[in-house]
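J.:
Residue numbers (this note's numbering): 8 to 220.
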């Protein structure tokens, strides 16, 4: 009887308010440092790193550095890699600054010198800056061509559309993604990560862009 009851429960829909998950993700920390990641995406990232094994991650949007630290620790496990984390403010915690795999750049993505990335074999890019349409589009237009075939350009927080905030962001990340894909046929949406825990179970809506091999 108990086994039958458990099986019935697995077929029931359990809904969670999107706003509650969104509010909760702002409180997520990694090693005591704000990380601000959807818990589903938090798990997805380590799977992507294990699959791609990048030796350089360019992260656009450092904030306090929790995400950069998480990625750097994963690279420690892999035994290779660097994080180039970019922001317009210098707010990273000391633990982040001291990590040997992390280099911080605080003059914005526009001033990042792409020559710094030329000697790496496998590059993955994460765009997590202002989420405004034009800024996001220009950022991924700059960094997208440097993503290695078989690796990813990940554009975060397309979920703002579902939250009803698209207008405030000039169309937001999803609009930028759609424009980018129209002009870059060597990239495609890898929907397995969007739907890994169920349909659209990510904050990075339409945002896992894989470059064709």
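Heads up, the beta-carbon is just placed ideally off N, CA and C, and yes, glycines get one too.
All values reported here derive from a predicted model rather than from experimental measurement.
What first and last residue would you give for the alpha helix (DSSP H) that runs through residue 138?
T.: Along the chain shown, read from residue 1 onward, the residue named residue 138 stands at position 131. Taken as a continuous stretch (DSSP letters only), residue 138 belongs to no alpha helix (DSSP H), as it is neither H nor E.
J.: Return yes when the Cβ of residue 210 is within less than 9 Å of the Cβ of residue 42, no when it is not.
T.: Here residue 42 corresponds to residue number 35 of the chain shown, with the count starting at 1. Here residue 210 corresponds to residue number 203 of the chain shown, with the count starting at 1. Going by C-beta atoms, residue 42 is not nearer than 9 Å to residue 210.
J.: Quick one: using the 10 Å Cβ neighbour count with 16 as the cut-off for buried, is residue 36 buried or exposed?
T.: The residue given as residue 36 occupies position 29 in the chain shown. It counts as exposed.
J.: From the DSSP output, in three-state form, read off residue 46 for me.
T.: On the chain shown, position 39 is the one that residue 46 refers to. In the structure shown, residue 46 sits in a helix (DSSP, three-state: H, G or I).
J.: Could you tell me which residues DSSP puts in a beta bridge with residue 110?
T.: Residue numbering aside, residue 110 sits at position 103 when the chain shown is read from its first letter. Note: residue 110 sits in a beta bridge opposite 91.
J.: Look at the Cβ atom of residue 136, then the Cβ atom of residue 124, and state whether they are nearer than 9 Å.
T.: Taking the first residue of the chain shown as position 1, residue 136 is located at position 129. Taking the first residue of the chain shown as position 1, residue 124 is located at position 117. No, they are not a contact pair.
J.: Does the distance from the CB of residue 158 to the CB of residue 196 come in under 9 Å?
T.: Position 151 of the chain shown holds residue 158. Position 189 of the chain shown holds residue 196. No.
J.: Return the residue from the list 160, 140, 116 that minimises the CA-CA distance to residue 215.
T.: The residue labelled residue 215 in the question sits at position 208 within the chain shown. Here the closest residue by C-alpha is 160.
J.: Can you tell me whether residue 195 is helix, strand or coil according to DSSP?
T.: Against the chain shown, residue 195 aligns to sequence position 188. If DSSP states are grouped into helix, strand and coil, residue 195 belongs with the strands.
J.: Nearest to residue 90 by CA position, among 110, 115, 96, is which residue?
T.: For this step, residue 90 is matched to residue 83 along the chain shown. Looking at the Cα atoms, 110 is the closest of the given residues.
J.: What does the Cβ neighbour count give for residue 156, buried or exposed, with the cut at 16 atoms within 10 Å?
T.: Within the chain shown, residue 156 is the residue found at index 149, counting from 1. Exposed is the call here.
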